[in-house]
Amino acid sequence: MSGKTCQKQNHNQDYLYLNWIDDKQNFLQCAKCITEDESPSFKKILISDILNDKYNLEQVNNWPPLGNKQLTEFAHYICKKIQENPGVENLMNHLIQNRIDDYFDQQTEEICQKLNSLKKKVKIQFQNTIEEFIEKNKEDGEPNIEDILSGFKIEDFRQKIEEFLNDK
8 MSGKTCQKQN HNQDYLYLNW IDDKQNFLQC AKCITEDESP SFKKILISDI
58 LNDKYNLEQV NNWPPLGNKQ LTEFAHYICK KIQENPGVEN LMNHLIQNRI
108 DDYFDQQTEE ICQKLNSLKK KVKIQFQNTI EEFIEKNKED GEPNIEDILS
158 GFKIEDFRQK IEEFLNDK
């Protein structure tokens, strides 16, 4: 871009950047303009990158100039994926479906971790409550609930019925 120099006072340097903003006075910028400019760097594109025909889309920083960093990054990502997957039909849908799957897989994992943690807490609380109940019964002289329940085993009852019926 030889011969195109910044016309601002005391600049007189070649333009280096396109500054993708609404202010047409600052659309082209030299090195001095860059140091004076406070607009976000993601809106600036090196002219040499644009003119380099050996560069593909993903090698030009901040391209495409969408005015929003997230949109530019998203467009850059989509373009990169299109180049990586030339045979995939409806690539945008494919990528979005993958993102949705990834999101829900992550949410499922987080929910499972929380449920497992809750399960562990409930088991510990239940165990502590049972131990407190058993300890209180011991202190109060009450019979152990496990001893009471062991008296209801069907095997013992079955044996007693058979003995009775066989007159033993």
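Numbering-wise (our numbering), the sequence shown opens with residue 8 and increments by one.
Idealized CB from N, CA, C, for every residue including glycine.
Exercise. From the DSSP output, in three-state form, read off Tyr22 for me.
Key: Counted from its first residue, the sequence shown places residue 22 at position 15. Of the three classes helix, strand and coil, the one that applies to Tyr22 here is coil, per DSSP.
Quiz prompt | Residues near Cys13 in its chain [Cβ-Cβ closer than 8 Å; skip 5 each side] | solution = Within the sequence shown, numbered from 1, the residue matching residue 13 stands at position 6. Answer for Cys13: Asn19, Gln20, Asp21, Tyr22, Leu35, Gln36, Cys37, Lys39, Cys40, listed in chain order.
Quiz prompt | Distance between beta carbons of Ile52 and Asn69, contact taken as under 8 Å | solution = The residue you call residue 69 lines up with position 62 of the sequence shown. The residue you call residue 52 lines up with position 45 of the sequence shown. Yes, they are in contact, since the Cβ atoms of Asn69 and Ile52 sit about 5 Å apart, within 8 Å.
Exercise. Specify, as a first and last residue, the run of the alpha helix (DSSP H) that Leu78 falls within.
Key: Start at 1 with the first residue of the sequence shown, and residue 78 comes out as number 71. Per DSSP, Leu78 belongs to the alpha helix (DSSP H) from 76-91.
Quiz item: From this set, Lys128, Tyr24, Gln166, Gln32, which residue's C-alpha is nearest Lys15's C-alpha?
Solution: As a position in the sequence shown, residue 15 is number 8, starting the count at 1. Measuring from the Cα of Lys15, the nearest candidate turns out to be Gln32.
Practice problem: Out of Leu73, Ile155, Leu122, point me to the one whose CA is closest to Asn26's CA. | Solution: The residue labelled residue 26 in the question sits at position 19 within the sequence shown. Ranking the options by Cα distance to Asn26, first place goes to Leu73.
Exercise. Under 8 Å by Cβ, that's how I've got Ile85 and Leu102 pegged, so tell me the actual separation to the nearest angstrom.
Key: Translated into the one-based positions of the sequence shown, residue 85 becomes position 78. Translated into the one-based positions of the sequence shown, residue 102 becomes position 95. Sure, about 7 Å apart at Cβ, within 8 Å.
Exercise. Using 7 Å as the cut-off, classify the Cβ of Lys88 as near or not near the heavy atoms of the ligand ATP, replying yes or no.
Key: Inclusion of the ligand ATP in the displayed structure is not the case, the ligand content being empty and no account of it being possible.
Quiz item: Thinking C-beta only, is Leu98 closer than 8 Å to Ile107?
Solution: Sequence index remark: in the sequence shown, residue 107 carries index 100 (1-based). Sequence index remark: in the sequence shown, residue 98 carries index 91 (1-based). Contact flag unset, no.
Practice problem: Out of Asn17, Asp154, Lys50, point me to the one whose CA is closest to Asp30's CA. | Solution: Within the sequence shown, numbered from 1, the residue matching residue 30 stands at position 23. Of the candidates Asn17, Asp154, Lys50, the one whose C-alpha sits nearest the C-alpha of Asp30 is Lys50.
Quiz item: Using DSSP with H/G/I as helix, E/B as strand and the rest coil, what is Lys126?
Solution: The count along the sequence shown starts at 1 and reaches residue 126 at position 119. Helix, per DSSP.
Quiz prompt | Backbone secondary structure at Ile178 - three-state DSSP | solution = Since the first and last residues shown for the chain are 8 and 175, residue 178 lies out of range.
Exercise. In the DSSP assignment, find the unbroken alpha helix (DSSP H) run with Asp163 in it and report its ends.
Key: By one-based count along the sequence shown, residue 163 stands at place 156. Where Asp163 is concerned, the enclosing alpha helix (DSSP H) stretches over 161-172.
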